[in-house]
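S.K.: As you go down the protein sequences, you meet chains A and B in turn.
Taking my numbering, I'd label the letters of the first sequence as residues 54 to 554.
Taking my numbering, I'd label the letters of the second sequence as residues 138 to 624.
Ideal Cβ positions, reconstructed from N, Cα and C, are used throughout, including at glycine.
Dropping the structure in here first, questions after.
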Amino acid sequence: MSWDYASLLPGVIVLSSLLPGVFIFLVREESHTLRTVLNLTGAVAKLILVGLLIYGVWLGQVFETRIAIAPGLTLVLNADALSVLFVTLSTVLWLITTVYAIGYLEHSTNRSRFFGFFSLCVSATVGIALSGNLLTFVIFYEILTLATYPLVAHRGTPEATRGAKIYLAYTLTGGLLLLVGAVWLRTLTGPVDFVEGGILDDLPASLHGQLVVIFGLLLAGLGVKAALVPLHGWLPQSMVAPAPVSSLLHAVAVVKAGAFGIVRVVYDVYGVTLAGELGLLAVLSVLASFTIVYGSILAMTQDGLKKRLAYSTVSQVSYIALGTSLLGPVATVGGLVHLVHQGIMKITLFFCAGNYAETLGVANVSQMDGVGRRMPLTTLAFTIGALGMIGIPPIAGFVSKWYLGLGGVEAGQHWVLVILATSTLLNAGYFLPILYRAWFRPLPASWPKEHHFQTRFETMGALLWPPVITAVFCLLAGLLAAAPFSPLEWARLIAQREYGL
Amino acid sequence: MTDPLVLCIALPLLGAMLVTALPRWAVTLGIVAALSTASAAVALTATVWQHGTLHLMLGGWDAELAIALRADGIATALVLMANLVGLGISVYATGYFHDRIRVRSFWPLWLLLWAALNGLFLAGDLFNLYVMLELLGIAAAALGALTGNRDAVAANLRYLLVGLLGSISYLLGVALLYTAYGTLDLGLLAQGVAASPELYGVNAAAMTLMVAGLALKAALFPLHFWLPPAHANAPAPVSAALSALVVKAAFYLILRLWLDLFWPITDMAVAMLPAMLGAVAVIWGSWRALRAERLKLLAAYSTVAQIGYLFLFLPLLAATPPGPARDDLLAALLLMALTHGFAKAGFFLAAGLVQTNAGHDRIDDLGGTAQRLPATTFAIALSGSALIGLPPSGSFIGKWLLMQGAIATGQWWWVIVVTAGTLLASAYIFRVLSRAFGLEPTPLKFVTDARAEVPALTLALVSVALLGLASGPLWTLLGLGDAGGGA
């Protein structure tokens, strides 16, 4: 490897959360300040470095860190437009989630362990985003599994250990299938680098049968984390984790890593044309559409707020897969932009759910009567997130659905509109009753477990401002969708490159 | 006599004599011997790295009579691993044994075992290999019985007898070869075997006897029956040495014979038998580890499984023509052996700490202990990930190349074995790790007993990070060039 700025930056971005993470493990439990300083230093440093990266990529610089593990096996971290999209999302949301988690876990036990693994988790996610070949992707994908396991099990209750066990059983099995697929593909092609437009065009048609099986293995591995039905069983179970972990799992890290991997495999390994010819896109569309509808239906039946949000994630993340599975740049834009939009909307909703639980002890939808009057700012943020999920303009979610629908029409797949309409109705069906209860039902006589913080706001500052900020992001991403550097514009840039326009 | 090749064997031997003569100074002398032996191993690695394979004839006679020593890439890599692990075990042992009698019997035996181990890796002729093998077996059985309780003595007596049986079988094979070719030097014998295909019957009989004897010592399924009780009942530093190093030495010898001596007759069909036994070992060992009630028994069964993986490489090596692909397989085989050495030693050392702290090692009752010892739990977690083969451990790279070789040679069924073994390994490791999460708060400090925890954690870290992320130098050390696999 060489030692100049452009070949170090991606590696340093991964290390900027990894090193503080390692030190946090060694911090004494009661050294609250030191731990907070380490956490925030890592988060802010990463944000600055990613800023430099975006600026460089915009200028057309090539950033690539290469470390030879063994002959023929190279760890490659590089920054193309797609990785920048995911890196930026995870870095920005990590900073906000760190602030939230510091507030959320105040006075609880085992914080050094928690924040250590929290940092490892983000390092792995950023590694996934920056992976330049399939080997690197698999390595970070597995590290992510390992780093999130302790977070899910963190509370140490029997339910937490059980949820973590189920999580692990699903993700490790999936990871292994991914590994077998990756190794198999490598024996056919040599090192599998991610290249815009795919790398498999030159393979003879006699190998196409094998390519279909390999795609099945890769999709099974990635589909577990992306919670494609029927591989989604772990997601509702892992809701036992503390709220910041749920936010991170759903919006940034685990689920997104799976969806991002599907995007990578379809566009940068197989190439969207070849994937279409082999009939793989059709399989993916069917799976994604089924997941979208099925997840929404299950969400309607849940009374636990976090469970309802979990099934909503199952449904919403498949929008990304759906956009990927439709041939045509417009649908690609819709899928990619939803990677960001779903992230900021879902993290807002989970932060709010955490606030209700921490401040009022409210964990179920049926207990939410009148929370809007007790916690107006939190509920306002929740409302923006929920309306965005339904797809009400001008919030971010509308932009995603618009492009997905348009993309479906462009690809001549009109049934996509039916799926989107059904899903929108179902989204409204499970979000609007919550909003109605929160704003229009009378306050109860007392809350299940009310907690008074020494503040003039409705809850502790570290808990209140993160959802408010991300709710503002949801509005801005929708209102300023046409501005330069908006998620939509960036997704357009990626789509142009993938289709060679 | 200052050749690192000689020093690697002479220093621990000298140390063993000194600690026997001056038992009062056993710990100090022992640790000095450990440090100097490990330094000699590092010096040896540096020399082989620069100059390639080393040969040495002791006593100045020619190859038929002299004691031949030889250090090529494979031997050097294993010597380096064994000596670094040995150093870690030695540091750990200074804090582990408190009883004066145990201290005085541990150090001489341990240094003797160390000398035998280095001697075995570096010996260049079949008879010296036999001597070292016997010495290793006797020292190992004596060390294993050090706790003196009934279970340990019974298990290790059995271990001793099994070891003798294995050595005798090996010696019979050696005798056959000596009768046929009149030499014991590995290099000369290899030429002889290659030049006389008409002696196929003798060659095949010798190979069967030698490999079967060694497979017994390497605990290849179904000859593994002696291993779990012997390894699980020994004191922790001894378990670490037995599982990580001693078993590996027997496998090393099989590999040596297979690749250097008997390569003209070890084709695909012959290689299938050990590989199939290896496959059963992977599944059976992992399954028994999953069902084990005690942490050290779990680790011992895991060794049975991990040895199985090494045998899976034999048919792949047979089916791959010389070239980068075969080099990758050989390096992967070594990488898995090295990773297992570091990881299993780290695991056993950490398990020993758990046992001392909790007073037992029943997995189901470990909840509170795991919470009280974060550094130890980390060591178990890290070495556990290496045993599973999760990235970025060395065994991840090893398994990647193993599966790659299996698919490339059309022997896809090994992929299923590796996959199943990996899943079972995850299950047994996380069965332990899930005990680390309970309702009790972790203590205020990360490290509780540095002298014991630092070696365990260091060995685990080497297996999981260093070997996985920087395994390239291994190819260089093996002299395989770095053109392998394309890129």
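Determine which residues of the segment 543-574 of chain B have a Cβ less than 7 Å from any Cβ of chain A, and write them out in chain order.
M.R.: Listed by position, the residues of the segment 543-574 of chain B near chain A (Cβ gap below 7 Å) are Ile544, Ala545, Val552, Thr556, Thr559, Leu560, Ser563, Phe567, Ser571 and Phe574.
S.K.: Give a yes or no on contact between the segment 207-221 of chain A and the segment 229-238 of chain A, applying the rule of three or more CB pairs nearer than 8 Å.
M.R.: No: the two stretches stay apart, fewer than three of their Cβ pairs being nearer than 8 Å.
S.K.: State yes or no: is the beta carbon of isoleucine 534 (chain B) nearer than 8 Å to at least one beta carbon in chain A?
M.R.: So, interface residue.
S.K.: Hey, does tryptophan 612 (chain B) have any beta-carbon neighbour from chain A nearer than 8 Å?
M.R.: Cβ-Cβ to chain A under 8 Å: yes for tryptophan 612 (chain B).
S.K.: So which of B:Leu570, B:Asp501, B:Ala523 and B:Leu302 has the shortest CA-CA distance to phenylalanine 479 (chain B)?
M.R.: With distances taken between Cα atoms, phenylalanine 479 (chain B) lies closest to B:Ala523.
S.K.: Would DSSP call alanine 495 (chain B) helix, strand or coil?
M.R.: Here alanine 495 (chain B) sits in helix by DSSP.
S.K.: Of all the beta strand (DSSP E) runs that stay within the bounds of the segment 168-238 of chain B, which reach a length of 3 or more residues?
M.R.: List check, beta strand (DSSP E) in window: 191-195 and 204-208.
S.K.: Please name the residue in B:Gly422, B:Val569, B:Gly531 and B:Ala178 whose C-alpha comes closest to that of threonine 476 (chain B).
M.R.: Checking every option, the nearest Cα to that of threonine 476 (chain B) belongs to B:Gly531.
S.K.: Can you find a CB in chain B that lies within less than 8 Å of the CB of arginine 317 (chain A)?
M.R.: Judged by the 8 Å Cβ criterion, arginine 317 (chain A) is not in contact with chain B.
S.K.: Name the chain A residues whose beta carbon is nearer than 7 Å to that of leucine 527 (chain B)?
M.R.: Under the 7 Å cutoff, chain A gives Glu195 and Leu199.
S.K.: Three-state secondary structure (DSSP) at serine 499 (chain A)?
M.R.: It is coil, neither helix nor strand.
S.K.: Would asparagine 255 (chain B) and valine 216 (chain B) qualify as a contact pair, given that the criterion is a beta-carbon distance under 8 Å?
M.R.: In contact: asparagine 255 (chain B) and valine 216 (chain B) (Cβ atoms closer than 8 Å).
S.K.: How many angstroms separate the CA atom of leucine 430 (chain A) from the CA atom of isoleucine 517 (chain B)?
M.R.: Looking at the two C-alpha atoms, the distance is approximately 46 Å.
S.K.: Within 8 Å (strictly less), CB to CB, does glutamine 625 (chain B) reach chain A?
M.R.: The shown model of chain B, from 138 to 624, leaves out residue 625 (chain B), and the question about it has no answer.
S.K.: Closer than 7 Å between beta carbons: that is the criterion. Which residues of the segment 67-89 of chain A meet it against chain B?
M.R.: Of all residues in the segment 67-89 of chain A, Phe78, Leu79, Arg81, Glu82 and Glu83 have a Cβ within less than 7 Å of some Cβ in chain B.
S.K.: Going by DSSP, what residues sit across from asparagine 131 (chain A) in a beta bridge?
M.R.: Paired residue(s): A:Glu117.
S.K.: Work out the CA separation of phenylalanine 574 (chain B) and valine 298 (chain A) for me, nearest whole Å.
M.R.: Distance between the alpha carbons of valine 298 (chain A) and phenylalanine 574 (chain B) is about 16 Å.
S.K.: Name, please, each residue of chain A whose Cβ falls closer than 7 Å to the Cβ of lysine 582 (chain B).
M.R.: Here the neighbours are Arg81.
S.K.: How would you list, in chain order, the residues of chain D whose beta-carbon sits under 9 Å from the beta-carbon of leucine 576 (chain B)?
M.R.: The structure shown contains no chain D; its protein chains are A and B.
S.K.: Relative to the C-alpha of glycine 64 (chain A), which residue among A:Phe193, A:Ser84 and A:Phe167 is closest?
M.R.: Minimum Cα distance to glycine 64 (chain A) is reached at A:Phe193.
S.K.: For leucine 128 (chain A), collect the residues of the same chain with a Cβ closer than 6 Å to its Cβ; drop the 5 residues on either side in sequence, then sort them by chain order.
M.R.: For leucine 128 (chain A), where only same-chain residues beyond five positions count, the Cβ hits under 6 Å are Ile120, Ile122 and Thr189.
S.K.: Could you tell me the boundaries of the alpha helix (DSSP H) in which leucine 62 (chain A) lies?
M.R.: Looking at the DSSP string, the run of the alpha helix (DSSP H) that includes leucine 62 (chain A) is 58-79.
S.K.: Let me confirm a value: glycine 314 (chain A) is counted as buried when at least 16 other C-beta atoms fall within 10 Å, else exposed. Which label applies?
M.R.: Buried is the call here.
S.K.: Classify serine 453 (chain A) as helix, strand or coil using the three-state DSSP reduction.
M.R.: Three-state result, serine 453 (chain A): helix.
S.K.: Helix, strand or coil, according to DSSP, for alanine 455 (chain B) in the structure here?
M.R.: DSSP places alanine 455 (chain B) in helix when its eight states are reduced to three.
S.K.: If you drop the 5 nearest sequence neighbours on each side, which residues of the same chain put their C-beta closer than 6 Å to that of arginine 207 (chain B)?
M.R.: Cβ within range, chain order: His192 and Gly261.
S.K.: According to the Cβ coordinates, are threonine 201 (chain A) and leucine 302 (chain A) closer than 8 Å?
M.R.: Their beta carbons are under 8 Å apart, which means threonine 201 (chain A) touches leucine 302 (chain A) by this criterion.
S.K.: Exposed or buried, which one is arginine 161 (chain B) when buried takes at least 16 other CB atoms within 10 Å?
M.R.: Exposed.
S.K.: So what does DSSP say about aspartate 254 (chain A), is it helix, strand or coil?
M.R.: Here aspartate 254 (chain A) sits in coil by DSSP.
S.K.: What residue does the alpha helix (DSSP H) around aspartate 321 (chain A) start on, and which one ends it?
M.R.: No alpha helix (DSSP H) holds aspartate 321 (chain A); DSSP gives it neither H nor E.
S.K.: Quick one: residues in its chain with C-beta nearer than 7 Å to the C-beta of histidine 391 (chain A), no 5 flanking neighbours on either side, listed in chain order?
M.R.: Hits under 7 Å: Tyr372, Ile373, Gly376 and Ser453.
S.K.: My understanding is that leucine 272 (chain A) touches leucine 256 (chain A), with C-beta atoms under 8 Å, so please give their C-beta distance in whole angstroms.
M.R.: Not a contact, Cβ separation roughly 18 Å.
S.K.: Of the choices A:Ser165, A:Gly444, A:Ala474 and A:Ser291, whose alpha-carbon is the least far from that of valine 80 (chain A)?
M.R.: The option with the nearest alpha carbon to valine 80 (chain A) is A:Ser165.
S.K.: For lysine 278 (chain A) and chain B, any beta-carbon pair shorter than 8 Å?
M.R.: By this cut-off, lysine 278 (chain A) is not an interface position.
S.K.: Are the beta-carbon atoms of tyrosine 157 (chain A) and leucine 516 (chain A) separated by less than 8 Å?
M.R.: Yes, they are a contact pair.
S.K.: Candidates A:Arg509, A:Gln549, A:Leu71 and A:Ile252: which alpha carbon is nearest glycine 185 (chain A)'s?
M.R.: Among A:Arg509, A:Gln549, A:Leu71 and A:Ile252, the Cα nearest to that of glycine 185 (chain A) belongs to A:Ile252.
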